[in-house]
Amino acid sequence: MLLTITTTRSPATDLGWLLHKHPEKVQSFALAFGTAHVFYPEATDERCTAALVLDVDPVGLARSRRNAGNELLAQYVNDRPYVASSFLSVAIAQVLGSALSGKCHGKEELAETPLPLTARLAAVPCRRGGEPFLRRLFEPLGYSVTATRHPLDAQFPEWGESPYFTVELAATVRLADLLSHLYVLVPVLDDEKHYWVNTDEVEKLLRFGEGWLATHPEKEQITARYLKRQGKLVRSALAHLGFDDDTDPDEAAAAQDLAEERLEAKVSLHERRLATVLSVLQSTGAKRVLDLGCGEGKLLRLLAADPHFTDVVGVDVSARGLEIARQRLDRLRLPDPLKDRVKLLHGALTYRDARLEGFDAAAVVEVIEHLDPPRLGAFERALFGCARPGVVVLTTPNREYNVRFENLPAGKFRHADHRFEWTRAEFATWCNGVCAAFGYAVRIDPLGDTDAEVGAPSQMAVFTRQ
Ligand code: SAH
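Residue 142 is where the sequence shown starts when you use the working numbering, and the numbers rise one by one after that.
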């Protein structure tokens with residue numbers, strides 16, 4: 142994890158005074174979760190940059206955690222060492238504590254002076270809310286924000302974007318203000334605080350939020366995330382910040398997260414696909430819906446958060462996928478009555494299953510291409526012949542579009558587990574065959590930006606029972 146802070150106010154090396162760290166030295170500090178290093182990659186009169194590198198030790202972290210849970214690998218292999226998170230806030234408080242509290246022995250005036258400062262965070266996770274939320278956090282505080290989003294894997298553009306951004310924040314502010322903003326807002330963006338929060342945390346939020354949080358347009362969301370959505374703590378903090386009304390902050394946060402997720406859905410193909418499928422399902426007025434081959438539950442989360450759906454059932458053959466889906470749904474922190482509408486079933490789509498009968502609609506998103514072609518007939522019979530939902534929304538890649546993916550070798554499929562990928566004509570033929578055999582009508586739409594020659598990257602069929 143790397144944070145740099147640059148100033149161009151001459152003599153720029155005064156930054157060393159303010160941070161209480163000499164520009165000519167490299168200094169290291171032991172922290173509970175690793176080591177922090179401070180050094181200056183540049184230090185001239187005109188321009189001075191201080192770097193804070195956090196070397197988080199994931200092995201030490203995993204060992205010190207009593208509650209091992211069952212995500213063993215994830216304890217060792219995760220993004221925590223590399224991204225700006227609540228670990229950074231702890232390091233700022235411990236390593237740059239006097240600068241954070243606005244002290245500068247012998248140069249008090251300097252600490253009180255707004256300076257031209259640029260903070261650069263090498264990797265910031267913005268899982269919920271993406272760049273719009275990042276901007277809504279920092280722009281009201283006077284920062285000009287530059288955000289560069291990174292793809293998940295440059296080799297596989299169809300995987301879409303990652304939630305990680307390189308972020309630059311520039312403003313003329315007091316150093317203590319910049320550090321306080323980072324201290325509070327970095328964990329808010331990351332939304333995965335590494336420690337349990339208690340009443341001390343309310344005190345910290347109010348202390349470091351002094352002078353700016355009470356008037357910040359996102360103060361409810363900031364407070365809810367900073368305090369890990371613990372209702373009592375959030376209410377107490379908001380009361381101090383002069384906000385008192387009857388809305389439950391948990392619900393407000395869940396609703397906003399969802400709204401942001403919808404906003405973000407514009408960015409990656411898969412998110413766009415899910416948003417399209419969701420809106421088709423919503424437009425049919427379906428109440429009881431299936432998500433067949435739900436995987437890790439991305440669509441389920443969207444369905445679960447819309448109270449118009451009275452029953453939401455996810456089905457997958459992968460127990461691991463279902464486990465992740467369950468965790469993701471839990472993280473939505475839906476109120477119990479909404480939560481109880483969502484069920485997960487372990488099952489294969491190529492077998493008749495009485496539990497899947499009587500539903501208004503079913504989504505089958507990017508699943509059929511994972512079935513062996515000789516098993517397609519069994520899938521058709523189980524879904525269109527036996528379960529027979531009123532509407533089936535089914536998506537699959539358009540193979541013709543593959544030539545537009547620069548990093549996909551000719552003739553290869555997009556995913557190692559795909560058993561086939563269809564052209565638009567092949568998909569239409571299959572859809573029409575299903576309609577004729579089982580009494581459905583179909584409409585086929587392109588999904589994603591359409592290329593004049595090869596069509597859109599993905600295709601969607603909406604089947605309606607006749
Ligand atoms: N619909 C999800 C996941 C797509 S990946 C999404 O859009 O994000 C394909 C999913 O289909 C995987 O989770 C896989 O486990 C599941 N799957 C593949 N064959 C299946 C079968 N025969 N029965 C049930 N699920 C199956």
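Heads up, the beta-carbon is just placed ideally off N, CA and C, and yes, glycines get one too. Bear in mind the structure is a predicted one, so any value in this text is a computation, not a measurement.
Excluding its 5 nearest sequence neighbours in each direction, A445 has C-beta neighbours in its own chain below 8 Å: V453, L470, L473, L475, L479, K480, R482 and V483, listed in chain order. Counting only the Cα atoms, T287 lies some 33 Å from P587. In this structure, the alpha-carbon of G552 lies about 16 Å from that of E567. For G238, the enclosing alpha helix (DSSP H) has its first and last residue at G238 to L241.
Taken from the Cβ of A489, at least one heavy atom of the ligand SAH lies inside 7 Å.
Beta-bridge partners of M142 (DSSP): none assigned. Per DSSP, reduced to three states, the secondary structure at P257 is strand. Where S169 is concerned, there is no enclosing alpha helix (DSSP H), although the beta strand (DSSP E) around it starts and stops at Q168 to L172.
Spanning the alpha carbons of F604 and V595 requires a straight line of approximately 24 Å. Counting the other CB atoms within 10 Å of its CB gives E412 a total of 16 or more, which places it among the buried residues. Shortest Cα-Cα distance from H487 to any of R376, L535, G438 and R555 involves G438. Membership of L323 in any beta strand (DSSP E) is not indicated; the residue belongs instead to the alpha helix (DSSP H) covering L316 to D331. The beta-bridge partner set that DSSP reports for C245 is empty.
In the same chain as P164, and ignoring 5 residues on each side of it, the C-beta atoms closer than 7 Å to its own belong to T154, G157, Y181, A184 and C189, in chain order.
R555 and W563 have their C-alpha atoms some 12 Å from each other. With a cut-off of 8 Å on Cβ pairs, the segment 280–298 is not in contact with the segment 332–350, counting fewer than three such pairs. Under DSSP, Y367 shares a beta bridge with no residue.
DSSP, read as helix, strand or coil, puts R276 in helix. DSSP links G283 through a beta bridge to no other residue. In this structure, H559 has its beta carbon at no less than 7 Å from each heavy atom of the ligand SAH. For L440, the shortest separation between its Cβ and any heavy atom of the ligand SAH lies below 7 Å. Checking the DSSP bridge columns, you'll see L588 partnered with S599. Each of L485, V458 and T148 was checked against the Cα of R467, and the nearest Cα belongs to L485.
For L512, the shortest separation between its Cβ and any heavy atom of the ligand SAH lies below 7 Å. Here E250 is exposed: its Cβ has fewer than 16 other Cβ atoms, across all protein chains shown, within 10 Å. Annotation: the segment 487–533 contains the following complete segments of the beta strand (DSSP E) (minimum length 3 residues), in chain order: 502–506. Distances taken from the Cβ of G589 to the heavy atoms of the ligand SAH include none shorter than 7 Å. Per the coordinates, the alpha-carbon of D332 lies some 42 Å from the alpha-carbon of R516. Bridge pairing for L229: absent [DSSP]. Judged by DSSP in its simplified three-state form, P152 adopts coil rather than helix or strand.
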